[in-house]
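Heads up: the sequence shown begins at 1 in the working numbering, then just goes up one per residue.
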Amino acid sequence: MRRLKNVAALLLVLLLLLSGCAGRPASDEPERETITVYCWSEHMLYSGYAAYVQEHVPEADVVFVTGRNQMGYYEFMEENGALPDILTVRRMSMIDAEHLRDSLLDLSETEVAATFNNIYLENYRFEDGSINWLPACGEVEGYIASLDLFEQYNIPLPTDRASFDAACEAFRAVGIVPYSNDFGMDYTCLATLQGLSIQELMTGPGIVWRTAYESGSCRQLDDTIWPAAFERLERQLAVWDIPPEAAEWTYTEMTPPFLEGKAAMMRGTGNDVIAFRQDGMNVKMLPYFGDTEEDNWLLTYPSFNVAVSKQSAENETKEALCMKVLDVMFSEGAQNILAGNHNMIPYNEGIKLQLDESMENLKEYIVQNHLYLRLASTEIFAASQETVGKMVSGEYNAKQAYEAFNAMLGQDDAERDATAVTFEKGYPNVVDAKSGNPAASAMTNTLRAYNGADIVIAHGTSYSGMVYATDYTEEQVDWMVTDNNSIRCYERELTGAELKTLLDTILTREFGGMACINNYSLPVLSGCEMTVRRDDAGYHLEQVTVGGKALEEDDVFSVVYIASTYQAEPMLEELAADGNLWTECRENCRTQWHNAILGSDHSAAIPLCEPAAYLKLV
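Below, the structure written as C-alpha cells:
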C-alpha cells in the first residue's frame, strides 16, 4: 500500500510539472531546465548566497527551497520518490549518509572535489573511494575569553590543559565564574564531550575507531579512549563549578554572565567572537586544549554539506547544469558570502576567505591543519545530550554516562518509528502561477483552522517540502515546517487597507536580511487571494480579494502572520505606527503545526485541509 501511495505521489508531481505548475508561459523557445536546491536553513535564501548562485548560472532556473537539517528528512523524501537535484544538510556523518548512498552521484572524480584538502575530504570517502558529500566553508568553535577579566585579575591566558585548569581555579578564587556553557543544547553537549578529547580522538586508535563507527562495522564506543573522555569531562565540570541547572541552559541563559563580566570564558564560535567585538568587548577565541600547545585543536563543522541526486543526471544537459551549480556553490565568491562575518575557514585548497583580525591567532591551527571535524551522527547528537546533560545535573557519573551512551548506540526507537498520522492525499511543493503552492496552501489552511482566524499569512519558507500521501511518524510530521524556533505566529485585527499594506510590505521590502527572492519565498495566504506582478524590479501587489470579491478597505479581519522574528519584529513594529501592536501567539509555528495535526492536551487534531487557489502571478 505504501509503495502504491509513493508511486501515486510521484505521478502527481510529474503530472503537475508537465501541466505547467511552474507557471511558465507558452513559448517556442526550448524549456529551461530547473535545478532545485534544498536548503538546510532558510538563512541560505537571505544571506545573498542563493542570489549569487542564481546570478552565476543564468542558463537555468536555480530554485532554492527550504528543507530540513536532518539526513532522515532526505531519506523520507527518497522513500517517496522526490529527492531534489541538490541536497544540503549541516548535520551529517558517514554512517547517516550510507542510507542515501545509492541515490546520490559519486563526486570523487569531479573538478570541484579535486579542490579539497585531502585531510578533510577523507572524512567523506567511502571504503570504495566514492564521495557523495562535500563540505562548504566551516565554522570554528572553542573557548571565548574575556581579555579584560584576564588582565584585571592578572591571570595568564591558558596555553594547554594544565594552564587552562589553573586559570579556572584562579577565577573561582576571586568570585568570577570560570566558564559558561549552554548545556541544554545537543550540539553543545556533543562539542564539549569531543572537544575536551580531540587530542586522543586524533590518535591512531581514535581514528581507527571513528572509521569503524562511520562504516557501520562498530556501533559501540572504544573501551579505552571514550571512558577516559567521560572521566575528563567529569573532572572539568568540577573545575568549572558548573551548577546542576546549567543542564537546561540555552544560549540565552549562557551569555548574560559573560556579557556582564561575571564569567571569564564561554563556549562559542568565531561568529560570536566577531559579534562581541562589534559590541565593544575585548575577547579572543582559544582552542580546545591538549597536554601541550602542540596538542591544541579547534573544533570545526561545515556551514553545510552538499550532495547531488542521481535523478539530476536524467539527461546530459541537466547533469552539466547541476555540476555548474555545484562549482558556483563552492566558488570563492559564494563561500565568501557564506563567511560574510569573516569567521569561517575553507576546506578547499586555493580558496581564500577573509578572516577577521580578531581571529588572527587561529591561523596557526589552520596552517597546521589542527581543525577537528566533529563526529555528528544523529544518534551521537542524541546520546551526547542525554548523557552530558545528566552529568551536568548530577544524575550520572562518568561511568554511568559512558554506559548509557553505549546503550543508545545502534538502537532503533520503535516509538519514534510508529505511524502517528496518515495523509490520504499528497500535494506538490511547486508554485503554480495560477493558484500558488498546493503543499504550502494545505498547511496554511490547516493552521487557519487551528487558530480560528479569518486570514493567515505565512511565508513559503516557513514550510519544508511537499505533502506525501503516506504514513507519517511524529518526527516526520514535525519535519513539514522549518527547523527553526524563530518562526513565530503573531495576531491582531486588520482593516482591509492595513491588510493590503502588510502584503505589499512583505512583497517589496527587506527586513532582517529577508525578502522575496523567488516564487517559493512568496507569502502563502489562507482566507484571501492576491494578484502579484513580477518584473525585473521584483514583486508588486496588484489586487487582494476575499472569496473572489474585491477587498473592502474598511472591512475588519482577524489575522495571524507567520514569519521569522528576524523579519517580523522590525517590520511589524514599523507598521504599528498607529499604536495597534501585534501580539505574539502562545505557540510558535512548529508547535502549532504539531498540535494541529497530532493534537495536544488543549486541542484535538485537525484533518489536513485541502489547498486553495490564493495566488495569481503575472
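For glycine and all other residues, C-beta sits at the position ideal for the given N, C-alpha and C.
- Since ILE455 is in the alpha helix (DSSP H), which residue starts that stretch and which ends it? Working through the sequence shown from its first residue, we reach residue 455 at position 455. No alpha helix (DSSP H) holds ILE455; the beta strand (DSSP E) holding it covers 455-459.
- Determine the DSSP secondary structure at ASP432, reduced to helix, strand or coil. Taking the sequence shown and counting its residues from 1, the one referred to as residue 432 is at position 432. Residue state, collapsed to three classes: strand.
*Going straight from the alpha carbon of ASN341 to that of SER384, what length do you get?*
Looking up residue 341 in the sequence shown gives position 341. Looking up residue 384 in the sequence shown gives position 384. Between ASN341 and SER384, the C-alpha separation is close to 29 Å.
- Message: Can you check which of these residues, CYS137, GLN199, GLY142, is closest to SER331 by C-alpha distance?
- Response: The residue labelled residue 331 in the question sits at position 331 within the sequence shown. Residue CYS137 is the option with its Cα nearest to SER331.
Does the distance from the C-beta atom of VAL308 to that of CYS322 stay below 8 Å? The residue you call residue 308 lines up with position 308 of the sequence shown. The residue you call residue 322 lines up with position 322 of the sequence shown. Closer than 8 Å, so yes.
Margin query: At the level of alpha carbons, what is the spacing between CYS21 and SER435?
Written below: Counting from 1 along the sequence shown, the entry for residue 21 is found at position 21. Counting from 1 along the sequence shown, the entry for residue 435 is found at position 435. Any answer about CYS21 is weak, because its pLDDT of 38 lies below 50 and its placement is not dependable; what the coordinates show is given next. Straight-line Cα distance between these residues: approximately 9 Å.
Backbone CA spacing between ALA246 and TRP240 [nearest angstrom]
What you label residue 246 is simply residue 246 of the sequence shown in a count that begins at 1. What you label residue 240 is simply residue 240 of the sequence shown in a count that begins at 1. Each residue's alpha carbon lies about 12 Å from the other.
Do ASP555 and THR501 count as a contact pair if the criterion is CB distance below 8 Å? Reading the sequence shown from its first residue, position 501 is the one you call residue 501. Reading the sequence shown from its first residue, position 555 is the one you call residue 555. In this structure, ASP555 does not lie closer than 8 Å to THR501 by Cβ.
- Classify THR252 as buried or exposed, calling it buried when 16 or more other Cβ atoms lie within 10 Å of its own Cβ. Position 252 of the sequence shown, counted from the start, is the residue given in the question as residue 252. Per the 10 Å Cβ criterion, exposed.
_Would you call the segment 363-383 in contact with the segment 287-299, where contact means no fewer than 3 C-beta pairs closer than 8 Å?_
yes
In whole angstroms, what is the alpha-carbon distance linking ARG374 and LEU355? Within the sequence shown, numbered from 1, the residue matching residue 374 stands at position 374. Within the sequence shown, numbered from 1, the residue matching residue 355 stands at position 355. Between ARG374 and LEU355, the C-alpha separation is close to 21 Å.
Quiz item: On the three-state DSSP scale, how would you describe HIS602?
Solution: Here residue 602 corresponds to residue number 602 of the sequence shown, with the count starting at 1. Three-state DSSP puts HIS602 in coil, outside helix and strand.
Notebook entry, point to check: Roughly how many angstroms lie between the CA atoms of ASN80 and TYR468, to the nearest whole one?
Noted result: The sequence position of residue 80 within the sequence shown is 80, counting from 1. The sequence position of residue 468 within the sequence shown is 468, counting from 1. Cα to Cα, ASN80 sits roughly 7 Å from TYR468.
Open item on the list: Would MET480 and TYR427 qualify as a contact pair, given that the criterion is a beta-carbon distance under 8 Å?
Closed with: The residue labelled residue 480 in the question sits at position 480 within the sequence shown. The residue labelled residue 427 in the question sits at position 427 within the sequence shown. Contact flag unset, no.
Please state whether DSSP places ARG219 in a helix, a strand or coil. Stepping through the sequence shown from its first residue, residue 219 is reached at position 219. Three-state result, ARG219: coil.
query = If you run the structure through DSSP and keep just helix, strand and coil, what is TYR396?
reply = On the sequence shown, residue 396 is found 396 positions in, with the first residue counted as 1. Coil at TYR396, not helix or strand.
Give the DSSP-derived three-state secondary structure of LEU608 in the structure shown. The residue given as residue 608 occupies position 608 in the sequence shown. Note: LEU608 maps to coil in three-state DSSP.
**Q.** Assigned secondary structure, GLN620 (DSSP; H/G/I helix, E/B strand, else coil)
**A.** Shown here, the chain extends from 1 to 618; a query on residue 620 therefore has no answer.
Do you know offhand how far THR545's Cα is from ILE487's? Walking along the sequence shown from the start, residue 545 turns up at place 545. Walking along the sequence shown from the start, residue 487 turns up at place 487. Using only the alpha carbons, I get a separation of about 26 Å.
Quiz item: Do you know offhand how far ILE144's Cα is from LEU134's?
Solution: The count along the sequence shown starts at 1 and reaches residue 144 at position 144. The count along the sequence shown starts at 1 and reaches residue 134 at position 134. When rounded, the distance between both Cα atoms is 29 Å.
| query | To which residues does DSSP link ASP471 through a beta bridge? | reply | By 1-based counting over the sequence shown, the position of residue 471 is 471. For ASP471, which the question treats as bridged, DSSP gives the partners THR422.
Other residues of its chain near ALA497: CB distance less than 8 Å, five sequence neighbours each side excluded: Residue 497 sits at position 497 when you count from the first residue of the sequence shown. Counting only Cβ-Cβ distances below 8 Å, and skipping sequence neighbours, we find GLU553, ASP554.
Check: Looking only at its own chain, which residues have a Cβ that is under 6 Å from the Cβ of GLU454, when we skip the five neighbours before and after it?
Finding: Locating residue 454 in the sequence shown gives position 454, counting from the first residue. Note that residue 454 is Asp in the sequence shown here, rather than Glu. Result list for ASP454: GLY527, PHE557, SER558, in chain order.
CA-CA distance, GLU610 and SER217? Indexing the sequence shown from 1 puts residue 610 at position 610. Indexing the sequence shown from 1 puts residue 217 at position 217. Their Cα atoms are separated by approximately 46 Å.
Handout entry: Other residues of its chain near PRO438: CB distance less than 7 Å, five sequence neighbours each side excluded
Key = Reading the sequence shown from its first residue, position 438 is the one you call residue 438. Result list for PRO438: TYR427, PRO428, PRO611, in chain order.
message = So, for VAL283: in the same chain, excluding its five sequence neighbours on each side, which residues have a beta-carbon less than 7 Å away from its beta-carbon?
response = Position 283 of the sequence shown holds residue 283. Within the same chain, VAL283 has close Cβ partners ILE144, ALA145, SER146, LEU147, VAL273, PHE276, ARG277.
Distance between TYR396 and CYS168 (C-alpha atoms, nearest Å)
Indexing the sequence shown from 1 puts residue 168 at position 168. Indexing the sequence shown from 1 puts residue 396 at position 396. The alpha-carbon atoms of CYS168 and TYR396 are separated by roughly 23 Å.
Could you check how far apart the C-beta atoms of TYR52 and ALA334 are, in whole angstroms? I think they sit under 8 Å. As a working note, residue 52 is residue 52 in the sequence shown. As a working note, residue 334 is residue 334 in the sequence shown. The Cβ separation is near 5 Å, so the contact holds.
Given a cut-off of 8 Å, decide if ARG101 and ASN639 are closer than it, judged by their beta-carbon atoms.
Not covered by the structure: residue 639. The range shown for the chain is 1 to 618.
Q: Put VAL388 into one of helix, strand or coil per three-state DSSP.
A: For the purposes of this step, residue 388 is taken as the residue at position 388 of the sequence shown. In the structure shown, VAL388 sits in a helix (DSSP, three-state: H, G or I).
*CB GLN567 to CB PHE76, shorter than 8 Å?*
Reading the sequence shown from its first residue, position 567 is the one you call residue 567. Reading the sequence shown from its first residue, position 76 is the one you call residue 76. No; because the gap between Cβ atoms is not below 8 Å, this pair is not in contact.
Tell whether a beta-carbon distance below 8 Å holds between ILE366 and ALA50. As a first step, residue 366 must be located in the sequence shown, where it is residue number 366. As a first step, residue 50 must be located in the sequence shown, where it is residue number 50. For ILE366 and ALA50, no; Cβs fall outside 8 Å.
Query raised in the report: Over what stretch of residues does the beta strand (DSSP E) that includes VAL177 continue unbroken?
Result: What you label residue 177 is simply residue 177 of the sequence shown in a count that begins at 1. Counting along the chain, the beta strand (DSSP E) containing VAL177 begins and ends at 177-180.
Item to check | Nearest to GLY606 (by Cα), restricted to the options THR446, GLU31, GLN411, PRO570 | outcome: Translated into the one-based positions of the sequence shown, residue 606 becomes position 606. Looking at the sequence provided, one finds Ile at residue 606 rather than Gly. It is THR446.
Check: Roughly how many angstroms separate the alpha carbons of LEU541 and ASN588, rounded to a whole number?
Finding: The sequence position of residue 541 within the sequence shown is 541, counting from 1. The sequence position of residue 588 within the sequence shown is 588, counting from 1. Those two C-alpha atoms are separated by around 27 Å.
Spatial distance of TYR213 from GLN220 (CA atoms):
Position 213 of the sequence shown, counted from the first residue, corresponds to residue 213. Position 220 of the sequence shown, counted from the first residue, corresponds to residue 220. One C-alpha to the other measures close to 8 Å.
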